[in-house]
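>
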Amino acid sequence: MSAKNICIIGAGAAGLCAAKRCIAAGFNVTIYEQCSSLGGTWVYSDSIGIHSSMYEKMHTNLPKEVMRFEGFPFPAGEQSFIDHFTVLKYLNNYALTIKEQIQFDAKVIKVERSADNAKWNVIVENNDDRDDAMFDVVFVCNGHFSNPRIPKWIENLKIPTIHSHDYRKAKTYEDKIVAIVGAGASGIDIGIQICKYAKKVYLCHHNFKATQIQLPKTIEIVPGVTNATKDSIILTDGTILHDVEAVILCTGYRYTYPFFDKSIIQTPENDSYVSPLFAHVAHVQYPDSLFFIGLNIVVVPFILFDYQVGLALSLINGKAKEIGMEEIKKWEDKRLKMLAANGIDAKRYHVLADKQWDYFQELCKYSGDVYKTPEVIKHIYDEVSEGRKTAVTEYKKYCYKIIDSKTFKKFDSINIDYD
86 MSAKNICIIG AGAAGLCAAK RCIAAGFNVT IYEQCSSLGG TWVYSDSIGI HSSMYEKMHT
146 NLPKEVMRFE GFPFPAGEQS FIDHFTVLKY LNNYALTIKE QIQFDAKVIK VERSADNAKW
206 NVIVENNDDR DDAMFDVVFV CNGHFSNPRI PKWIENLKIP TIHSHDYRKA KTYEDKIVAI
266 VGAGASGIDI GIQICKYAKK VYLCHHNFKA TQIQLPKTIE IVPGVTNATK DSIILTDGTI
326 LHDVEAVILC TGYRYTYPFF DKSIIQTPEN DSYVSPLFAH VAHVQYPDSL FFIGLNIVVV
386 PFILFDYQVG LALSLINGKA KEIGMEEIKK WEDKRLKMLA ANGIDAKRYH VLADKQWDYF
446 QELCKYSGDV YKTPEVIKHI YDEVSEGRKT AVTEYKKYCY KIIDSKTFKK FDSINIDYD
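Numbering-wise, the sequence shown is residues 86 to 504 according to this note's numbering.
Structure representation (structure tokens):
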């Protein structure tokens with residue numbers, strides 16, 4: 086029996102993980118990457134309006150000891166919270182053995198079922214050329230940080246406004262009064278960066294009273310934005326900010342897949358999640374041939390990718406025999422009901438946070454793989470998460486060293502012990 090032909094869309098971290106594991110499993114792999122280099126969102130460019138959301142001074146919000154791929158650690162001697170250049174170098178080293186499988190400047194414009202409904206026809210544009218190829222399996226690994234979610238009130242506003250997707254350098258906002266809309270990870274990080282240069286920063290947050298984060302004095306936490314005029318923004322408590330000179334939208338991203346017909350993939354709740362999928366990964370109608378890797382947020386991403394690819398491989402090779410079609414079909418509805426029962430909006434469908442560890446073990450149960458994430462990884466993750474809440478301007482100054490499967494040491498960055 087000939088080896089299956091696998092198409093992987095995207096040569097970011099998720100796509101590289103899928104490719105390495107598929108090749109190791111004996112499959113023929115082709116990776117289509119729309120950019121001219123690998124790395125996905127970790128590729129920095131001064132240019133805006135491109136695929137990447139990376140900004141100049143971005144450092145990871147997880148220590149490298151946690152976010153590494155299994156069996157492939159970051160080089161010793163680095164700080165724990167590393168810059169994007171270091172992550173990109175790591176991914177290039179991780180991909181050394183699979184670079185020949187990557188077709189660069191190749192944008193996937195259509196994925197459709199073949200006439201006999203047995204394979205996937207993938208149509209790709211490369212400069213002025215268009216080509217198509219048949220595959221047994223498709224992995225969608227093109228990320229979800231490239232299509233910004235833009236609030237409708239922005240149409241009224243004449244103040245210079247960008248989405249964080251196009252934010253690059255803090256010094257751009259020198260001596261300006263800036264409103265940052267959204268206080269998620271990127272909103273807080275960008276706020277901390279630009280407050281060193283800006284005259285004042287408003288951090289507009291829908292749940293501002295519950296925000297316990299200690300921020301620099303030049304950042305004022307205010308309620309969320311409900312509307313705007315041409316030269317001011319209106320907050321949910323009726324306050325009008327007249328002095329704002331620049332706006333940065335940190336309002337998240339939409340899940341969009343223009344290369345799929347809507348009969349195959351839907352994105353309900355205003356592009357808030359991807360449907361119909363089993364376990365956030367496998368298409369319900371094609372559970373052994375169409376997979377989405379890395380849709381979830383508030384996670385340890387590289388660990389997530391590895392477990393999700395493991396599930397996909399088990400479905401491809403028939404190892405996941407314990408999973409029945411009835412369970413596959415009901416999984417999404419079960420999750421939606423669970424979210425509703427806990428008062429959680431369906432827009433948070435792909436958010437895992439502290440539930441990610443249970444989810445990883447659930448994937449292992451389905452795939453038959455061994456759960457291999459040591460307890461210490463969760464301990465460090467929890468420590469960092471707490472630090473992000475209580476000392477957001479300080480937590481990246483620390484370094485971590487794993488001692489054994491359960492314990493770690495935490496060092497001040499000026500007193501790092503790597504021995």
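Backbone N, C-alpha and C define an ideal beta-carbon position, used for all residues, glycine too. Since the model is a prediction, treat every value here as computed from it, not as a measurement.
Can you give, in chain order, each stretch of the beta strand (DSSP E) that sits fully within the region 215 to 287 and has at least 3 residues?
Counting whole runs of 3 or more residues, the region 215 to 287 contains the beta strand (DSSP E) stretches 222 to 225, 246 to 248 and 262 to 266.
> Quick one: which unbroken beta strand (DSSP E) runs of 3-plus residues sit fully inside the region 430 to 455? Chain order, please.
Within the region 430 to 455, no complete beta strand (DSSP E) run reaches 3 residues.
> Please list the segments of the alpha helix (DSSP H) lying wholly inside the region 94 to 147, counting only runs of 4 or more residues, in order along the chain.
Correct list: 98 to 109.
> Name the one or two DSSP bridge partners that residue 289 has.
By one-based count along the sequence shown, residue 289 stands at place 204. Note: residue 289 sits in a beta bridge opposite 266 and 307.
> When the Cα atoms are used, what is the spatial distance from residue 503 to residue 292?
Against the sequence shown, residue 503 aligns to sequence position 418. Against the sequence shown, residue 292 aligns to sequence position 207. Low per-residue confidence applies at residue 503: pLDDT is 30, beneath 50, and the placement is therefore not dependable enough to give any value.
> Would you tell me roughly how many angstroms separate the C-alpha atoms of residue 191 and residue 402, rounded to the nearest one?
Residue 191 sits at position 106 when you count from the first residue of the sequence shown. Residue 402 sits at position 317 when you count from the first residue of the sequence shown. One C-alpha to the other measures close to 28 Å.
> Can the beta-carbon of residue 250 be found closer than 9 Å to that of residue 91?
Taking the first residue of the sequence shown as position 1, residue 250 is located at position 165. Taking the first residue of the sequence shown as position 1, residue 91 is located at position 6. Result no, Cβ atoms of residue 250 and residue 91 do not sit closer than 9 Å.
> Can you have a look at residue 217 and say buried or exposed, based on whether 16 or more other CB atoms are within 10 angstroms of its CB?
Within the sequence shown, numbered from 1, the residue matching residue 217 stands at position 132. When all chains shown are included, residue 217 counts as exposed.
> What do you reckon, are the CB atoms on residue 128 and residue 139 nearer than 9 Å?
The residue given as residue 128 occupies position 43 in the sequence shown. The residue given as residue 139 occupies position 54 in the sequence shown. Yes, these two residues count as a Cβ contact at 9 Å.
> Ordered along the chain, which non-local residues of its own chain (more than five positions away) have a Cβ less than 6 Å from that of residue 392?
Walking along the sequence shown from the start, residue 392 turns up at place 307. The residues are 445 and 448.
> Does the Cβ-Cβ distance between residue 227 and residue 339 come in under 9 Å?
Translated into the one-based positions of the sequence shown, residue 227 becomes position 142. Translated into the one-based positions of the sequence shown, residue 339 becomes position 254. No; because the gap between Cβ atoms is not below 9 Å, this pair is not in contact.
> Apart from the five residues on each side of it in sequence, which residues of its chain come closer than 7 Å, Cβ to Cβ, to residue 264?
Here residue 264 is taken as the residue at index 179 of the sequence shown, counted from 1. Cβ neighbours of residue 264 beyond the five flanking positions: 287, 289, 318, 326, 329 and 332.
> To test your reading of the DSSP string, which unbroken alpha helix (DSSP H) runs of 4 or more residues are found completely within the region 133 to 213?
The region 133 to 213 contains these whole alpha helix (DSSP H) runs: 149 to 152 and 169 to 179.
> Buried or exposed: residue 200, going by 16 or more other Cβ atoms within 10 Å of its Cβ?
The residue labelled residue 200 in the question sits at position 115 within the sequence shown. Exposed: under 16 other Cβ atoms inside 10 Å.
> Out of 432, 252 and 219, which one is the CA nearest neighbour of residue 382?
Locating residue 382 in the sequence shown gives position 297, where the first residue counts as 1. The candidate whose alpha carbon is nearest that of residue 382 is 432.
> Can the beta-carbon of residue 99 be found less than 9 Å from the beta-carbon of residue 187?
Walking along the sequence shown from the start, residue 99 turns up at place 14. Walking along the sequence shown from the start, residue 187 turns up at place 102. No. Outside cutoff.
> Taking the alpha-carbon of residue 371 as reference, which of 423, 310 and 400 has the nearest alpha-carbon?
Counted from its first residue, the sequence shown places residue 371 at position 286. The shortest C-alpha separation from residue 371 is found at 400.
> Using a Cβ-Cβ cut-off of 6 Å (strictly less than) and excluding sequence neighbours within five positions of residue 260, which residues of its own chain qualify?
Taking the first residue of the sequence shown as 1, we reach residue 260 at position 175. Cβ within range, chain order: 284.
> Residue 368 bridges to which residues according to DSSP?
Here the question's residue 368 lines up with position 283 in the sequence shown. Residue 368 is bridged to 362.
> CB-CB under 8 Å to residue 464, same chain, minus the five flanking residues each way: which ones, in chain order?
In the sequence shown, counting from the first residue as 1, residue 464 sits at position 379. Around residue 464: 491, 492 and 493.
> Can you tell which of 480, 417, 124 and 205 has the C-alpha that lies nearest to the C-alpha of residue 169?
In the sequence shown, residue 169 corresponds to position 84, counting from 1. The option with the nearest alpha carbon to residue 169 is 124.
> Mind checking residue 455: buried by the 16 CB within 10 Å criterion, or exposed?
For this step, residue 455 is matched to residue 370 along the sequence shown. Exposed, because fewer than 16 other Cβ atoms sit within 10 Å of the Cβ of residue 455.
> CB-CB under 6 Å to residue 375, same chain, minus the five flanking residues each way: which ones, in chain order?
Counted from its first residue, the sequence shown places residue 375 at position 290. Counting only Cβ-Cβ distances below 6 Å, and skipping sequence neighbours, we find 223 and 368.
> Go through its chain and collect everything with a Cβ distance to residue 528's Cβ below 7 Å, but skip five positions before and after it.
One cannot answer for residue 528 here, as it falls past the ends of the chain, which runs 86 to 504.
> Residue 280 and residue 301 - do their beta-carbons sit closer together than 9 Å?
Taking the sequence shown and counting its residues from 1, one reaches residue 301 at position 216. Taking the sequence shown and counting its residues from 1, one reaches residue 280 at position 195. The answer is yes: Cβ separation under 9 Å.
> Anyone know if the C-beta pair for residue 185 and residue 349 falls short of 9 Å?
Working through the sequence shown from its first residue, we reach residue 185 at position 100. Working through the sequence shown from its first residue, we reach residue 349 at position 264. Contact: no.
> Please tell me whether residue 385 and residue 377 are closer than 9 Å, where the distance is taken between their beta carbons.
Position 300 of the sequence shown holds residue 385. Position 292 of the sequence shown holds residue 377. It is not a contact, given that the beta carbons lie outside the stated cut-off.
> Rounded to the nearest angstrom, what separates residue 113 and residue 324 at their Cα positions?
For the purposes of this step, residue 113 is identified with residue 28 of the sequence shown, where counting begins at 1. For the purposes of this step, residue 324 is identified with residue 239 of the sequence shown, where counting begins at 1. Approximately 59 Å between the Cα atoms of the pair.
> Which residues bound the alpha helix (DSSP H) around residue 388?
If you number the sequence shown from 1, residue 388 lands on position 303. First-last of the alpha helix (DSSP H) with residue 388: 386 to 401.
> Could you tell me if residue 176 is buried or exposed, where buried requires 16 or more neighbouring beta carbons within 10 angstroms of its beta carbon?
Residue 176 sits at position 91 when you count from the first residue of the sequence shown. Classification for residue 176: buried.
> What did DSSP end up calling residue 413 once you bin it into helix, strand or coil?
Counting from 1 along the sequence shown, the entry for residue 413 is found at position 328. Helix, per DSSP.
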